[in-house]
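Quick note, the sequences are listed as chains A and B, same order.
Counting from 10, one number per residue, gives the positions in the first sequence under this note's numbering.
Counting from 33, one number per residue, gives the positions in the second sequence under this note's numbering.
Beta carbons are placed, not taken as given, at the ideal position from N, Cα and C, and that holds for glycine.
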Amino acid sequence: MERGWLWRRTLQSGQVGETMQKGLSGQRLVTLFLAGMVLFNFPLLSLFDRAAPTLGGVPLLYVYVFLVWAILVGGMALMIERGGR
Amino acid sequence: MLSGLTVVLVCLAYLGVLFAIAHFGDRRADQGRSIIDNAYVYALSLAVYCTAWTYFGSVGRAASSGISFLPVYLGPTLGMALAWLILLKMVRISKAYRITSIADFIASRYGKSHVLGGLVSVIALIGTVPYIALQLKAVSSGIDLLVPADDALAHVANGGGWFDTTLLIALALATFTILFGTRHLDAAERHEGMVAAIAFESLVKLGGFLAIGIYVTFILYDGVGDIFRRAAADPALSRLFTLAQGSGAYGNWFTLTLLSMFSVFLLPRQFQVAVVENVNEHHIRRAIWVFPAYLLLINLFVIPIALGGLMHFGVGGVDPDTFVLTLPLSHDHQALALLVFIGGLSAATGMVIVETIAVSTMVCNDLVMPLVLRYGGQGLARERDLTGLLLTIRRGAILLILLLGYVYFRVAGEAYALVGIGLISFAAVAQFAPALLGAMYWRGGTHLGAMGGLSAGFLVWGYTLLLPSFAKSGWLDASFLTEGPWGIGWLRPEHLFGMTGLDSLSHALFWSLFANCGAYLVGSALRPPNAAEAGQATMFVDVARRTAGVGTSFWRGTGQVRDLVTLVGRFLGPQRAEDAFLRYARLRGWNNLDEMEADPSVVQFAEIQLAGAIGSASARAMVATTVKEEVIGIDEVMEILDEASQVRAYSHQLEEKSRALEAATAELRAANERMKELDRLKDDFMSSVSHELRTPLTSIRAFSEMLCEDPKIDLEDRKRFLGIIVSETVRLTRLVNQVLDMAKIESGHVEWQNAEVDLREVITQAVDSVSQMLKDRGQDVHVVVPDTVPILWADRDRLVQVVLNLLSNGSKFAPKETGVLDVRMTANEEHVRVDVTDNGPGIAEAEQGLIFEKFRQGGDIRDKPQGTGLGLPISRQIVEHFGGRLWVTSQVGAGATFSFELPVGWRDDAPDGDAQP
């Protein structure tokens with residue numbers, strides 16, 4: 010598997026602990042990808058595919074999709090910006 | 033309503049701002065202070081993904097089918113989570129080998145093939161021209177909405193004919209693209225000004241869309257919840273709250289996710305901004321979350337706007353695609369409408385500019401240049417600077433693509449073939465996925481497989497998606513869809529082989545990717561990769577492990593550096609080529625180009641430089657015309673590739689070297705030992721000689737002093753003393769002679785008086801010489817010689833010396849009075865042999881070797897026999913000179929036999945012997 014800069018950058022800084030962290034953040038991103046594939050598709054999607062109940066008027070499906078999306082983006086941001094430190 | 037002039041002026045002013053930003057970006061790039069060297073700018077430039085199709089079309093799709101438009105943006109979000117795996121590798125490969133388009137990427141990987149690059153370019157061209165038309169249509173219909181029908185400009189805008197504002201915008205975009213897309217021929221094909229403008233456009237379209245979203249949601253309505261609550265009351269709207277269950281909605285959802293995931297890496301414009309224009313690969317890192325965040329933001333208000341519009345205008349009242357403009361206009365917010373339109377304009381222009389640059393690069397490098405280079409004829413071959421031609425082709429291609437887009441827009445109009453092109457285009461570029469992903473992760477893919485896969489996928493795509501879109505536009509008979517071509521039911525393009533239960537997009541994607549992957553795998557399996565394919569495969573798959581620019585080259589060739597510089601100069605400009613080579617030369621440790629040797633890495637460097645300008649396949653072909661190449665076999669390539677074998681070979685060399693070193697050390701040590709031994713021998717020799725000289729000198733001096741000091745010594749004694757002095761002097765002379773003799777023989781300075789010799793005479797003479805001495809000692813000598821002996825070619829006196837030596841030697845050790853010497857001579861056809869046997873005490877085995885050394889004498893030190901100790905060594909030297917050998921056989925107490933043997937027919941082959949035939 011391509012380790013990429015997640016590894017290389019840290020190898021330059023030469024800290025073993027950091028290297029593990031960065032390698033981990035690559036794996037975390039893959040985990041997020043797989044989670045997203047599952048959460049955004051059938052059959053999990055069908056659980057939320059109904060008009061009621063609503064959250065403040067917004068249909069459950071919309072809340073679910075945008076919430077998961079926001080969590081995914083937030084998770085990626087967190088891993089990229091803080092994961093390595 | 034706004035006046036037509038205002039709208040046009042605002043549009044032109046906006047384009048003017050773009051020009052200014054691009055110009056600023058280019059100037060800063062020239063100064064080396066890039067403004068796009070920033071992860072956020074990079075992420076914003078990726079947002080060129082969102083086109084007018086997003087800006088206007090998302091609302092339209094949401095109005096008809098609710099949330100089902102969203103996978104187009106969820107796919108890229110998920111795809112970006114893998115960007116560090118896929119995109120990073122694409123960037124590294126492209127940077128290392130100066131790849132400037134997706135066509136070049138695929139062509140380069142599968143053996144630098146013109147045909148493959150051409151095929152990819154054609155697919156990209158067919159897939160994107162309608163897409164560009166769609167952008168122009170969006171701009172055109174936006175202007176129609178903004179400008180009142182009675183405006184003076186409206187006659188131009190809507191008055192039919194071929195000249196209208198859309199053409200004006202298309203031409204303006206062509207101008208922009210030509211100015212900032214082909215400003216100069218950059219070997220890396222990067223356009224910093226253009227990217228800066230695109231990033232700016234991404235901000236504008238996000239701002240515009242958020243503005244209309246907030247306006248609709250919070251000003252027209254009372255927040256998101258309010259909109260949904262109101263919409264829930266209308267059954268026609270509340271059905272949008274869920275995915276339409278049981279009609280393949282989930283399948284379509286999945287298809288769209290997958291498709292858009294591919295598209296975010298494979299669309300020509302995405303490849304251009306994400307890979308080619310990438311300044312620093314570290315920017316990908318932050319873009320992983322910034323780009324999806326952008327997508328999330330721009331989609332937040334799509335559904336509220338759609339619902340708001342539907343509630344305001346009623347279902348079917350106004351085209352939902354135009355809600356973002358018609359909503360503010362209907363509330364008389366013209367300034368907002370204009371702002372939103374500018375956002376839409378930036379979405380459209382951004383896409384058009386980048387797509388045009390990307391496709392024009394492909395058209396130029398992979399379609400036109402191969403033809404020009406092949407059929408250009410003599411005039412082209414003589415041309416020293418082709419940069420002008422290259423730029424002209426690029427510019428022509430840009431203009432042509434934009435005009436094609438414009439014509440398609442005018443011809444297609446409202447046809448389904450235009451409106452539905454977004455996803456059709458996505459499905460076209462998805463055909464690149466197997467060949468491209470295989471290029472980066474699989475070594476087995478071959479040219480045949482890639483050709484087969486792309487062709488099969490493209491054909492199936494055309495049949496199941498493009499042709500139906502023509503049929504739906506009324507350009508083909510509708511029975512083509514419903515009953516199949518010529519009425520053949522199982523060939524119905526949207527139900528191939530009778531497959532049902534899939535929507536048309538999923539159906540097309542399934543069959544096209546099925547055919548594509550199948551042909552790719554089968555084609556690749558038909559034959560093993562050839563040398564070029566295997567080489568490129570490893571350079572792509574292992575790009576991280578190979579340093580850019582100094583990669584292994586998989587061919588051997590010879591050529592002149594000057595020729596290469598000239599060749600590269602033809603396409604990059606002579607000065608730039610010279611500079612590039614000079615930099616490279618310095619890097620490799622040469623001071624100027626003349627010192628440079630055209631080794632494979634230099635040739636490869638030239639090829640990579642060229643690849644940036646004219647594509648890898650053409651670069652390969654051009655370099656091949658300059659450089660004499662040796663065909664390099666697959667075995668050799670595999671050998672080069674096999675890094676393990678490289679290391680093995682290297683360590684093998686090391687081992688060999690260290691073995692050689694060890695051997696040399698051992699030799700040196702032996703030589704040193706020999707030197708020491710020789711040194712010791714010399715010292716021994718010197719001390720022996722001085723010792724031998726001193727003994728007679730001492731007695732001569734002693735007797736001389738006695739004679740000198742005591743005049744009264746009687747005559748008898750005087751005579752005796754003088755006798756001793758004389759004999760000692762003789763001995764001294766003999767010693768000195770022998771030392772000289774020895775030195776002469778050893779250094780090869782003896783002059784051999786060779787003649788025909790009868791050895792019997794030699795023996796007779798020697799025996800005669802010693803007979804008196806033997807008689808004095810009371811010893812007998814018996815001589816036995818054969819009747820006939822072969823005549824030898826030798827130095828008679830030297831041989832006498834040898835026999836004399838052996839005789840006096842034997843006499844020394846034989847007992848006095850009872851001593852007997854036997855001289856026996858034998859001869860056969862090959863050898864003549866002489867044995868001299870004495871009846872002395874014999875020589876111990878241990879001493880037998882020593883007696884032939886200088887100054888070594890047999891017997892006890894105390895009763896040291898007379899002699900110099902040089903006789904035997906000299907004799908042996910002489911015998912060996914004539915090709916014979918001298919040895920001793922003896923047992924203690926049984927006497928000793930000294931023998932020598934001379935070969936018959938020996939000839940002196942020394943230089944002075946050439947008188948003999």
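Task: Given Pro873(B) as reference, the closest of Leu553(B), Asn841(B), Trp622(B) once Cα atoms are compared - done: Of the candidates Leu553(B), Asn841(B), Trp622(B), the residue whose Cα lies closest to the Cα of Pro873(B) is Asn841(B).
Task: The alpha helix (DSSP H) enclosing Leu772(B), as first and last residue numbers - done: Unbroken alpha helix (DSSP H) run through Leu772(B): 747–779.
- [ ] Identify which residue in Gly601(B), Ala115(B), Ala228(B) has its Cα closest to the Cα of Ala61(B).
- [x] Checked all of Gly601(B), Ala115(B), Ala228(B); the closest Cα to Ala61(B) is Ala228(B).
TODO: Tell me whether Phe49(A) sits in a helix, a strand or coil according to DSSP, three-state version.
DONE: In this structure, DSSP gives Phe49(A) a state outside helix and strand, which the three-state scheme calls coil.
TODO: Quickly, what does DSSP pair Trp919(B) with across the bridge? List them, please.
DONE: According to DSSP, Trp919(B) bridges with Ser931(B).
Task: Proximal residues of chain A, C-beta to C-beta of Tyr253(B) below 9 Å - done: Against chain A, a Cβ distance below 9 Å from Tyr253(B) picks out nothing, because the smallest value is about 11 Å.
TODO: Report, in whole angstroms, the separation of the C-beta atoms of Val855(B) and Leu934(B), which I expect to be a contact under 8 Å.
DONE: About 15 Å; that fails the 8 Å criterion.
- [ ] Measuring only between beta-carbons, confirm whether Pro141(A) sits less than 8 Å from chain B.
- [x] It is not possible to answer for residue 141(A), since the shown part of chain A is limited to 10 through 94.
TODO: Starting from the C-beta of Leu513(B), find all residues in its chain whose C-beta is less than 8 Å away, skip the five residues before and the five after it, and write them out in chain order.
DONE: Cβ neighbours of Leu513(B) within its own chain (closer than 8 Å, five residues either side excluded): Pro500, Ala503, Lys504, Arg524, Pro525, Glu526.
- [ ] Starting from the beta carbon of Arg59(A), find every residue of chain B whose beta carbon is closer than 7 Å, and list them in chain order.
- [x] Simply Thr274.
Open item on the list: Counting only C-beta atoms, is Ile335(B) closer than 8 Å to chain A at any point?
Closed with: So, interface residue.
- [ ] Give the C-beta separation of Gly240(B) and Val372(B) to the nearest angstrom, bearing in mind that I take them to be a contact with Cβ-Cβ under 8 Å.
- [x] For a cut-off of 8 Å, the C-beta gap from Gly240(B) to Val372(B) is around 5 Å, short enough to register as a contact.
Open item on the list: Strictly below 7 Å CB to CB, what residues from chain B border Ile89(A)?
Closed with: Below the 7 Å Cβ cutoff, chain B contributes Arg317, Arg318, Ile320, Trp321 as neighbours of Ile89(A), in chain order.
TODO: Under the assumption that Val91(B) contacts Asp353(B) (Cβ atoms under 8 Å), give the Cβ distance between them as a whole number of angstroms.
DONE: Indeed they touch by this definition, with Cβ atoms about 7 Å apart.
Open item on the list: My output table needs one value for Met483(B): the three-state DSSP class, helix, strand or coil.
Closed with: Assignment of Met483(B) by DSSP, reduced to helix, strand and coil, places it in the helix class.
Open item on the list: At the 8 Å Cβ level, is Val82(A) part of the contact set with chain B, yes or no?
Closed with: It does: the Cβ of Val82(A) has a partner Cβ on chain B nearer than 8 Å.
Open item on the list: When you compare the CB of Leu38(A) with every CB in chain B, is at least one pair closer than 8 Å?
Closed with: Interface flag for Leu38(A) against chain B is set, since a Cβ pair is found closer than 8 Å.
- [ ] Have a look at the DSSP bridge pairing and note the partners of Pro68(A).
- [x] Pro68(A) is bridged to Thr63(A).
Open item on the list: Just to confirm the assignment: which complete alpha helix (DSSP H) runs, minimum length 4, are found wholly within the segment 508–595 of chain B?
Closed with: Those alpha helix (DSSP H) runs which fall completely within the segment 508–595 of chain B and span 4+ residues are 511–514, 536–558, 563–573.
TODO: Can you give me the start and stop residues for the beta strand (DSSP E) that Leu853(B) sits inside?
DONE: Looking at the DSSP string, the run of the beta strand (DSSP E) that includes Leu853(B) is 852–859.
Open item on the list: Which residue wins for smallest C-alpha separation from Glu783(B), given the options Ile125(B), Asp829(B), Val815(B)?
Closed with: Nearest option by C-alpha distance: Asp829(B).
- [ ] Mind checking who Arg865(B) pairs with in its DSSP beta bridge?
- [x] Beta-bridge pairing links Arg865(B) to Thr858(B), Glu933(B).
- [ ] Can you have a look at Trp85(B) and say buried or exposed, based on whether 16 or more other CB atoms are within 10 angstroms of its CB?
- [x] Residue environment analysis places Trp85(B) among the buried positions, since at least 16 neighbouring C-beta atoms fall within 10 angstroms of its C-beta.
- [ ] Label Thr532(B) either buried or exposed according to how many other C-beta atoms from any shown protein chain fall within 10 Å of its C-beta, with 16 as the threshold for buried.
- [x] Flag for Thr532(B) reads exposed.
TODO: Could you tell me whether any Cβ in chain B is nearer than 8 Å to the Cβ of Leu56(A)?
DONE: No, Leu56(A) does not count as interfacial toward chain B.
Open item on the list: Closer than 7 Å between beta carbons: that is the criterion. Which residues of the segment 89–123 of chain B meet it against chain A?
Closed with: Within the segment 89–123 of chain B, the qualifying residues are Ile99, Leu102, Leu106, Thr109, Leu110, Ala113, Leu114, Trp116, Leu117, Leu120, Lys121.
TODO: Scan the segment 492–509 of chain B for residues whose Cβ lies nearer than 9 Å to a Cβ of chain A and list them as they occur along the chain.
DONE: Against chain A - using a Cβ distance shorter than 9 Å - the segment 492–509 of chain B contributes no residues.
Task: Cβ separation of Gly506(B) and Glu515(B), assumed to be a contact under 8 Å, to the nearest whole Å - done: Your pair Gly506(B) and Glu515(B) does not check out as a contact, with CB atoms roughly 16 Å apart and the cut at 8 Å.
TODO: Could you round the C-beta distance between Pro950(B) and Asp417(B) to whole angstroms and report it? I think they count as a contact, below 8 Å.
DONE: Examination of residue 950(B) is not possible in this model, given that chain B is present from 33 through 949 alone.
- [ ] Round the Cβ separation of Val305(B) and Leu117(B) to the nearest angstrom and send it over; I've been treating them as touching at under 8 Å.
- [x] The Cβ separation is near 19 Å, so there is no contact.
TODO: Find the nearest neighbour of Phe441(B) within the set Gly927(B), Lys169(B), Phe930(B), Gly341(B), judged by alpha-carbon distance.
DONE: Checking every option, the nearest Cα to that of Phe441(B) belongs to Lys169(B).
Open item on the list: On the criterion of 16 or more Cβ atoms from any shown chain inside 10 Å, does Lys144(B) qualify as buried, or is it exposed?
Closed with: By the neighbour-count rule (16 or more Cβ atoms within 10 Å), Lys144(B) is buried.
TODO: Report the option in Phe56(B), Cys396(B), Ser270(B), Ala695(B) whose CA atom is closest to the CA atom of Phe212(B).
DONE: The candidate whose alpha carbon is nearest that of Phe212(B) is Phe56(B).
- [ ] Under 6 Å Cβ to Cβ from Arg809(B), same chain only, skipping five residues before and after it: list those, please.
- [x] Taken in chain order, the residues that qualify are Lys848.
- [ ] Could you pull the start and end residues of the beta strand (DSSP E) that Tyr788(B) belongs to?
- [x] The question names Tyr, yet the displayed sequence has Glu at residue 788(B). Glu788(B) -> beta strand (DSSP E) spans 786–789.
TODO: Name the residue from Val799(B), Arg726(B), Ser648(B) whose alpha carbon lies nearest to the alpha carbon of Leu148(B).
DONE: Of the candidates Val799(B), Arg726(B), Ser648(B), the one whose C-alpha sits nearest the C-alpha of Leu148(B) is Ser648(B).
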